[in-house]
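K.L.:
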Amino acid sequence: MVGLGLAAKSLAVLDWAVLDWAVLAIAAYPADTELLSTISFDLTQISPEGWVGSADGRRSLRYEFCIPHSADYQVAVQAIDPTIEFYPHSPGRIGCRTD
Numbered sequence: 212m213v214g215l216g217l218a219a220k221s222l223a224v225l226d227w228a229v230l231d232w233a234v235l236a237i238a239a240y241p242a243d244t245e246l247l248s249t250i251s252f253d254l255t256q257i258s259p260e261g262w263v264g265s266a267d268g269r270r271s272l273r274y275e276f277c278i279p280h281s282a283d284y285q286v287a288v289q290a291i292d293p294t295i296e297f298y299p300h301s302p303g304r305i306g307c308r309t310d
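Each position in the sequence shown, counted from 1, maps to that position plus 211 in my numbering.
1. Which residue comes first and which comes last in the alpha helix (DSSP H) that contains residue 295?
2. Please go through the same chain and pick out, in chain order, the residues whose beta-carbon is closer than 7 Å to the beta-carbon of residue 286, but skip the five residues on each side of it.
3. From the DSSP secondary-structure annotation, give me the bridge partner or partners of residue 263.
4. If we call anything under 9 Å between Cβ atoms a contact, is residue 272 one with residue 250?
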């Protein structure tokens with residue numbers, strides 16, 4: 212797996228709108244509990260604008276995930292968010308494998 216970091220800029224609401232779309236796409240497949248169990252933050256806490264926290268303490272959310280080391284997967288992920296950053300030589304904080 213390739214370690215990938217995805218971070219929204221706190222003022223880049225458009226980036227979070229893309230994330231919101233991706234969250235909805237994942238939620239469309241509730242039968243895949245194995246996939247959803249890999250997400251360690253509560254997706255329902257993300258506002259429609261892409262923020263987390265209370266109204267007086269809204270903030271962006273940074274997270275990492277792993278995908279297979281393949282150009283096809285990278286293209287698919289970039290189609291969801293073209294601002295994504297790939298770190299193929301780093302396991303990240305979550306310990307992605309090299310495959």
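For each residue, glycine too, the CB sits at the ideal point set by N, CA and C.
P.N.:
According to the structure data:
1. Segment: none, residue 295 is in no alpha helix (DSSP H) and carries neither H nor E.
2. For residue 286, where only same-chain residues beyond five positions count, there are no Cβ hits under 7 Å.
3. The secondary-structure analysis by DSSP pairs residue 263 across a beta bridge with 270.
4. Inclusion of residue 272 and residue 250 in the CB contact set at 9 Å is not warranted, their separation being larger than that value.
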